[in-house]
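In what follows, a single structure is set out as structure tokens and then discussed.
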Amino acid sequence: MAKFYITTPIYYVNDAPHIGHAYTTVTADAIARWHRLLGDQVLFLTGTDEHGLKVARAAERQGMDPKSWADKTSKRFLEAWELLSISNDDFIRTTEPRHYATVQRFLQAVYDNGYITKGTWTGLYCVDCEDYYTEAQLVEGNCPVHARPVEVVEEENYFFKLSLFTEQLLDWYDHHPQAVLPSSKANEAISFIRQGLQDISITRTSFKWGVPVPWDNEHVFYVWYDALINYVTAISYGVDQDNFNQWWPAVHHLIGKEILRFHCVWWPAMCMAAGIAPPGHVFVHGWLLVGGEKMAKSKLNQITPAELVEQFGVDAVRYHLLRDTPLGSDGDFSYEAMLSRYNADLANNLGNLLSRVTAVVTSKCGGVGPSPNPDSELASVTDQVLEQALGAWDNFAPYEALDVTWKLIKETNAYLEANEPWRMEPSDSLDKVMGDALEALRIVALLIFPAMPSTSVTLWRRIGLEGSPANARLPESARWGGYPGGLPIQRSEPLFPRIK
Ligand SMILES: [Zn+2]
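519 is the number of the first residue of the sequence shown in our numbering; add one for each residue after it.
Structure below.
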């Protein structure tokens, strides 16, 4: 059985879950669900990042200890993912004992391999980014991301000798041209490496809220170094080598473009330094902008998944996030676009198709679905759509997979309009038309499952099928001719009532 390991970034507990987080997580979820349909053994990991000065300060402001604060805020992400039908196999928190042990084991290996030294660091630090900037990177003296003043920090730290990995990283990318996608993002990483890398400070003594450095208890690891290691904590790095080897390095990291440097420069170098292979696949998606700006805690443009789910329902939200923008590009979220997509694609195209089919089968076929015609003109459309969907999911292109699926829905509606079964008398010809439409709906149910799992199940049941589309095996199950006929059809309220 093929293995498929997919990760989201772990989300910072100080943030409240917004649709930017939902965008990444729903995308990873849909890809994970697609791979389960293919019969792969999937490991889908998400979680929360809980260390660092920002968390310690937020906890202090609330009069809480950092762990209790993290317990409270981490839960919001769990709740948001439950609301959005996220099917993660594991949820990692960086305050868990398994993670502390892994971080210490991993960085001890880097230290023992001679890639960590002591030095003095003076830096311009943005607390919100948990990141350092050079004078040249500041915008009018402020953090380029948050437009807020940075702090001058000086302390004795341990440094990771990143500078030693410049050639090794370039060589690695040379031999793994597909490791970072889209290729424009690989080029961004490579040109950053080509400028020459500097050693980076990876520990702190100025606060305690982090994983203790095993060889020097005065220090804790800087939050980014502990966070990245979550990806190997979950697959028992250093504990169960067989399990580790099953998932690594064939991992798929799905990340936003703002953390490209961490995942495509630092993290592969850390892996090399620890003596393991760099991550095999990093897919860098664009931002979901609102009114042209990135959502951030400090701005007022956050939209919560809960607000949208309340208005549109879970599957419509998932569908819109996946369908609105090709994954590598920036998207601009708007309520108006979501509403119009809902009415056009879900209420009119998909919802209407199901209503028409169940209405005609109820009134003219005695409520029993006929079997499809093996030579239907819809069969070749379906074959083509299936091939395209397979390719699209494989390329991390849910946008395209759903686009071709809607082509099948539209073709089926057009087929009904051409044949006008609602004007036909009960006959073999009527049965053929309705059997074809039911078969198309069965295949649509399978193809939309990764994006809209509960709609898929509803559709499946309404056309009389038993079990769940989740138990189907693609591509075989989605080939033309699988609808058996003779099944009771349920006529019921619209799948997606129009919203004004
Ligand atoms: Zn900042």
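Glycine included, every Cβ here is placed at the ideal spot set by N, Cα and C.
These numbers come from a predicted model, not from an experiment.
Check                                                                                                             : Outcome
Reference V668; option with closest CA among Y676, V750, E658 and N675                                            : E658
Given N913 as reference, the closest of A550, N532, M519 and A540 once Cα atoms are compared                      : A550
Classification of T640 by the beta-carbon crowding that lies within 10 angstroms, buried from 16 upward           : exposed
Cβ contact (3+ pairs, closer than 8 Å) linking the region 819 to 831 and the region 705 to 717                    : no
Helix, strand or coil at I634 according to DSSP, with G and I counted as helix                                    : strand
Three-way DSSP call (helix, strand, coil) for Y749 in this model                                                  : helix
Nonlocal neighbours in the same chain, by C-beta distance under 7 Å from G503, ignoring five residues either side : With the chain covering only 519 through 1018, there is no way to say anything about residue 503.
Whether T652 touches N606 by CB criterion (8 Å)                                                                   : no
Best match in I524, R575 and D946 for proximity to W552 [C-alpha to C-alpha]                                      : I524
C-alpha distance - R821 paired with T543, whole-angstrom precision                                                : The residue asked about is misnamed: residue 821 is Ile in this sequence, not Arg. Cα to Cα, the separation comes out at about 15 Å.
Contact check, L625 vs F739, beta carbons under 8 Å                                                               : yes
G557 (DSSP reduced to helix, strand or coil)                                                                      : coil
A665, buried or exposed, once every other Cβ within 10 Å from all chains shown has been counted against 16        : exposed
6 Å Cβ shell around N931 - same chain, five flanking residues per side excluded                                   : L871
Beta-ladder partner(s) of K812, from DSSP                                                                         : L807
Distance cut-off 7 Å: D533 Cβ against heavy atoms of ligand 1                                                     : no
Ordered list of alpha helix (DSSP H) runs contained in the region 846 to 871, each at least 4 residues            : 853 to 859
Proximity to A654 [Cα-Cα], best of L642, A704, Y860 and A546                                                      : L642
Contact test: H1036 Cβ vs ligand 1 heavy atom, cutoff 7 Å                                                         : Because the chain in this structure spans residues 519 to 1018, residue 1036 falls outside the shown range and cannot be described.
Inter-stretch contact (C-beta, 8 Å, three-pair minimum) for the region 831 to 839 and the region 937 to 951       : no
At least three beta-carbon pairs within less than 8 Å, the region 669 to 684 to the region 786 to 805             : yes
Option nearest R1016 by Cα separation, candidates A877, D863, V899 and T545                                       : D863
Three-pair Cβ contact test at 8 Å for the region 759 to 777 versus the region 791 to 803                          : yes
DSSP three-state assignment for Y755, whether helix, strand or coil                                               : coil
T525 in three-state terms, based on DSSP                                                                          : strand
Three-way DSSP call (helix, strand, coil) for E776 in this model                                                  : helix
Simplified DSSP state of V657, which is helix, strand or coil                                                     : strand
Beta-carbon proximity check, T635 vs F595, cutoff 8 Å                                                             : no
Any heavy atom of ligand 1 nearer than 5 Å to the CB - residues listed                                            : C644, D646, C647, C661, V663 and H664
DSSP three-state assignment for D689, whether helix, strand or coil                                               : helix
Cutoff 6 Å; reference V628; Cβ partners in own chain excluding five residues on either side                       : I634, A791 and A792
Span of the alpha helix (DSSP H), counted from its first residue to its last, around R997                         : Premise fails: R997 is in no alpha helix (DSSP H) and is neither H nor E.
Three CB pairs or more closer than 8 Å across the region 760 to 776 and the region 731 to 746                     : no
Of the residues A548, E600, P700 and A877, the one placed nearest R841, counting alpha carbons only               : A548
DSSP three-state assignment for F562, whether helix, strand or coil                                               : strand
The region 754 to 768 contacting the region 579 to 598, beta-carbon criterion three pairs below 8 Å               : no
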